[in-house]
Amino acid sequence: MYELRGHHLFCLLGYRGMGYSQEFVKNMTHVHQKLRNNPQTLIKLVKGPDHLCAKYPNDGEQHCQDEHIYDRDAVILERLGLKIGQVISWEEVEQQITENVVPSDIMSICESCTWRTYGVCEEGVQEVLDGKGLRKIN
Ligand code: SF4
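Under the working numbering, the first residue of the sequence shown carries the number 4, and numbering increases by one thereafter.
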């Protein structure tokens, strides 16, 4: 079971193997491919730093504890009808995305994120809506 915070449920959709450091990418790719290959994998929704934040470079920036990031977590969980402390499968997360999210939500919900401009997160939402799930990372 992985502990994940709200906004990372969206980040996983747009993940293409890019990240903040080699260690961060290795960890995120592992989680991403596990969820892709076994969508029954359970996730515990947490408040604040999670399994992905654990490998965020320790470069002095407070990204993982930034209050705007906490706000984004809360908005995304609310949109998906999910709550902190809940344990659900990745498959159920994708189901909630299918029922409650459209690609253009990334533009508004993730307004301040630097990755947003790549367009991969909107693409990732669309792929879940199309029933394709997460992409294979090479
Ligand atoms: S735009 Fe940023 S915060 Fe939003 S899903 Fe993509 S990477 Fe995550």
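Idealized CB from N, CA, C, for every residue including glycine.
Quick caveat, the model's predicted, so the values are computed rather than measured.
Under the three-state DSSP convention, the category Ser111 falls into: Residue state for Ser111 is assigned as helix, using DSSP reduced to three classes.
With Gly22 and Asp76 assumed to form a contact (beta carbons below 8 Å), what rounded beta-carbon distance in angstroms separates them? Rounded, the Cβ-Cβ distance is 19 Å, inconsistent with contact.
Count Cβ pairs between the segment 94-102 and the segment 49-59 that sit closer than 8 Å; are there 3 or more? no
Could you give the first and the last residue of the continuous alpha helix (DSSP H) run that contains Leu83? 70-83
Taking 8 Å as the cut-off, is the beta-carbon of Phe27 closer than that to any non-hydrogen atom of the ligand SF4? Not one heavy atom of the ligand SF4 sits closer than 8 Å to the Cβ of Phe27.
What residue does the beta strand (DSSP E) around Lys47 start on, and which one ends it? 45-48
For Asn61, which of Leu132, Asn103, Lys135, Ser24 has the nearest alpha-carbon? Ser24
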